[in-house]
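Asks: Here the sequence shown stands for residues 1 to 341, numbered as in the UniProt record's numbering.
The C-beta atom is built at its ideal place from N, Cα and C for all residues, glycine as well.
Given the structure is predicted, the values throughout are model-derived calculations rather than measurements.
I have a structure here, written as structure tokens, and I will follow up with some questions on it.
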Amino acid sequence: MRPAELERLTVVEAADRYVELVRARTVTGGLSASTAEVYARDVATLVELAGADRVLDDLTGEDVDAVLLAFARKPDGRSPAGSGGGGQSPSSQARFRRSVSALFKHAALVGWVQVNPMLHATVTAKERGGLRPHRRALTREQAQGLIGAARRLPEEPVGASKRRDQRTELRDGLIVLLLATVGPRVSELTRANVEDFFTNGGVRYWRIFGKGGRTRDVPLPDDVARVLQAYLERGRRPAEVEEKALLLSWRGRRLARGDVQAVIDRVLARVDPDRRRSVTPHGLRHTTATHLLADAVDMDAVRRVLGHSDLSTLGRYRDELPGELEVAMRAHPLLRGEGTG
């Protein structure tokens with residue numbers, strides 16, 4: 001039950017009491033010291049963004065929205081110089097939201113607020129991805145730089161110290177090309193088997209086994225199909241020919257999901273610094289969707305490539321590109337072929 005009387009504490013007073021309570025839980029073993037410090041740091045950020053002297057009970061859902069947005073845009077001090085990072089990562093935003101929510105739940109329980117303002121916040125956890133301060137998709141120049149590095153990888157000389165059975169250039173190039181041009185989920189990529197790739201009418205297809213037991217046959221771009229064939233012929237050791245997994249570690253085991261990011265990072269290291277930007281496998285899925293849609297590819301075709309059951313889902317994978325509105329208006333379909341008269 002809620003206490004009979006409301007205690008009108010300021011934000012900083014409530015924060016101090018809450019952090020003291022959180023740190024006390026470390027003594028009983030209910031919370032680790034490192035977790036308690038994370039809570040304390042997030043609560044201190046809440047005080048900074050909401051205003052130390054405001055009364056906690058006066059904060060509304062709109063105030064919470066403003067705090068969450070302000071935190072999302074705060075510079076991330078962990079990002080290396082020149083990396084392009086300008087705000088908090090989605091995981092940091094999720095952690096901050098949990099910390100703020102925990103404070104307000106406690107405040108409602110002990111009578112510091114009449115109503116938990118988190119219940120009236122419109123910036124929900126599901127929508128927060130749209131508030132990220134910078135795109136997940138690579139620009140055209142960045143994507144082409146990464147794809148170019150992946151194409152060149154098999155042709156570059158291998159260091160003399162590298163054993164023949166540890167050479168993974170063809171495999172790494174294929175991984176990046178599939179992620180950047182077809183946009184599979186990383187789980188779909190690592191689950192792929194050699195038998196999932198087939199030729200029909202002179203076109204190479206990848207039968208992708210996706211969510212919910214659904215399958216889709218996606219045609220590969222010619223350049224990607226050629227790299228795939230080279231990998232199957234020269235990138236796998238004779239002892240691995242009988243292995244059904246497409247992507248293998250140099251030890252001959254199916255590649256794990258966690259290995260894919262390391263492959264991307266290795267290829268990124270070969271990209272010109274002016275065109276280089278860190279990206280995750282899911283970021284390359286965004287890149288595929290963004291550039292196919294920006295190039296006026298039919299939305300239903302893009303939906304089928306990505307393996308979505310609903311067109312509306314594409315909105316989550318469509319990032320804005322600089323200058324695209326200007327290009328669209330210059331090439332307006334209703335004005336093509338018309339005179340200026």
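Express the C-alpha separation of Thr45 and residue 408 in angstroms, rounding to a whole number.
Replies: Here the chain covers residues 1 to 341 and nothing more, so residue 408 does not appear.
Asks: Who are Phe197's beta bridge partners in DSSP?
Replies: For Phe197, which the question treats as bridged, DSSP gives the partners Trp206.
Asks: Just how far apart, CA to CA, sit Arg251 and Leu268?
Replies: Rounded to whole angstroms, Arg251 to Leu268 spans 23 Å at the Cα level.
Asks: With a 10 Å radius around its C-beta and 16 neighbouring C-beta atoms as the bar for buried, classify Gly235 as buried or exposed.
Replies: Classification of Gly235: buried, given that the 10 Å Cβ count is 16 or more.
Asks: Could you check the C-alpha separation between Pro75 and Gln88 for me, to the nearest Å?
Replies: Taking the straight line joining both Cα atoms gives about 6 Å.
Asks: So, for Leu246: in the same chain, excluding its five sequence neighbours on each side, which residues have a beta-carbon less than 8 Å away from its beta-carbon?
Replies: Once the five neighbours on either side are set aside, the close Cβ partners of Leu246 are Ala192, Asn193, Val194, Asp196, Phe197.
Asks: Which class does Ala94 belong to by DSSP, given the choice of helix, strand or coil?
Replies: Here Ala94 sits in helix by DSSP.
Asks: With burial defined as no fewer than 16 other Cβ atoms inside 10 Å of the residue's Cβ, what is the status of Asp42: buried or exposed?
Replies: Asp42 should be labelled buried.
Asks: Looking only at its chain, what residues have a beta carbon closer than 6 Å to the beta carbon of Arg23, apart from the 5 residues adjacent to it on each side?
Replies: These residues qualify, in order along the chain: Ala36.
Asks: Who are Pro219's beta bridge partners in DSSP?
Replies: For Pro219, which the question treats as bridged, DSSP gives the partners Tyr205.
Asks: Does the stretch 138-151 come close enough to the stretch 200-214 to have 3 or more Cβ pairs within less than 8 Å?
Replies: With a cut-off of 8 Å, the stretch 200-214 and the stretch 138-151 do not count as touching, because too few Cβ pairs lie within range.
Asks: How far does the alpha helix (DSSP H) with Ser187 in it extend, from its first residue to its last?
Replies: Run containing Ser187: 186-191, per the alpha helix (DSSP H) assignment.
Asks: Mind checking whether Tyr18 and Ser99 have CB atoms under 7 Å apart?
Replies: Against a cut-off of 7 Å, the Cβ pair of Ser99 and Tyr18 comes out as no contact.
Asks: Determine, using beta carbons only, whether Val186 and Val279 come nearer to each other than 7 Å.
Replies: It is not a contact, given that the beta carbons lie outside the stated cut-off.
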